[in-house]
Amino acid sequence: MGKKKFYVVWHGVSPGIYTSWTDCKLQINGFEGAIYKSFDTQEEAERAYNTSPYLYIQKKKTTAPVVSGNKPTDVPSYRHDTVLPLPPEVPAEALAVDAACSGNPGPMEYRGVYLRTGETVFHFGPVYGTNNIGEFLAIVHALALMEQKSIRMPVFSDSRNAIGWVKQKRCKTKLERTPRTEALYQMIERAEIWLRTHKTDIPILKWETERWGEVPADFGRK
Numbered sequence: 001m002g003k004k005k006f007y008v009v010w011h012g013v014s015p016g017i018y019t020s021w022t023d024c025k026l027q028i029n030g031f032e033g034a035i036y037k038s039f040d041t042q043e044e045a046e047r048a049y050n051t052s053p054y055l056y057i058q059k060k061k062t063t064a065p066v067v068s069g070n071k072p073t074d075v076p077s078y079r080h081d082t083v084l085p086l087p088p089e090v091p092a093e094a095l096a097v098d099a100a101c102s103g104n105p106g107p108m109e110y111r112g113v114y115l116r117t118g119e120t121v122f123h124f125g126p127v128y129g130t131n132n133i134g135e136f137l138a139i140v141h142a143l144a145l146m147e148q149k150s151i152r153m154p155v156f157s158d159s160r161n162a163i164g165w166v167k168q169k170r171c172k173t174k175l176e177r178t179p180r181t182e183a184l185y186q187m188i189e190r191a192e193i194w195l196r197t198h199k200t201d202i203p204i205l206k207w208e209t210e211r212w213g214e215v216p217a218d219f220g221r222k
């Protein structure tokens, strides 16, 4: 009897992790652009499923279609696992977060969106603050919510600053602490304490705006 394998289907009829090749084939046979790979352990499979498939497989080279003016365009394949126009390498089982701020500093708000359905799963604000603070708090909010609900999926953010702050467990804002910003600073402190006292291996991934367009949690105010 051969060694047991775990099959990850990122893009197929029903994306997920399967424990038999027979079940895996049902998800990929006849499915255009199916993306899948086998792994030796369940842990490896779960880690892979929650990240980009192109970390594990070589992306096929394709010739970009040509539109008027001979300008290439990269149109993602049709997705059956999400209502959003996501590129193939972005898993539908993920949260995307973003913040918006009018004035910076100014009225700030942030939210998180579930990529499979496009649903807003949390929203906060507006309060007086900055965009970077909102991006930082949004990531921590997503991590804390998933721990509370015993859920595990990647978090996408388009802010390198916020991702770095979360990894360093510190919000390095230069916003002045005043009576007007005191409540926000208390939120920041609670977020920093949460990061220091909770160990999480949830992937926090950079949303590649130049390749994929605006992050799905974007407020559309640019």
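Numbered per the UniProt record's numbering, the sequence shown spans residues 1 to 222. We put the beta carbon where it would ideally sit given N, CA and C, even for glycine. Predicted model, so just to flag it, every value in this text is computed and none were measured.
Sorted by chain position, which residues of the same chain lie with C-beta nearer than 6 angstroms to P107's C-beta, five sequence neighbours on each side aside?
P126
Three-state class that DSSP yields for M146 in the structure shown
helix
Residues bridged to R177 by DSSP?
The partner list for R177 (beta bridge, DSSP) is empty, contrary to what the question assumes.
Just verifying my parser: in three-state terms, what is the DSSP assignment at E210?
helix
Out of P179, Q168, V215 and R211, which one is the CA nearest neighbour of T197?
Q168
If you draw a straight line from the C-alpha of T41 to the C-alpha of N29, how long is it?
23 angstroms
Just the C-alpha distance for Q186 and A162, rounded to the nearest angstrom, thanks.
When rounded, the distance between both Cα atoms is 18 angstroms.
First and last residue of the alpha helix (DSSP H) that includes E119?
First-last for E119: E119 to G129, but that is the beta strand (DSSP E), not the alpha helix (DSSP H).
Can you tell me where the beta strand (DSSP E) holding D98 begins and where it ends?
L95 to C101
Assuming L143 and I202 make a contact with CB atoms under 8 angstroms, what is their CB distance in whole Å?
Contact check for L143 and I202: beta-carbon distance about 6 angstroms, within the 8 angstroms limit, so the pair qualifies.
Residue burial classification, F219 (beta-carbon count within 10 angstroms, cutoff 16):
exposed
Status (buried if at least 16 other CB within 10 Å, exposed otherwise) for T173
Buried is the call here.
For L175, which residues of its own chain have a beta-carbon under 7 angstroms away from its beta-carbon, when the five flanking residues on both sides are left out?
P105, G129, T130, I133 and T181
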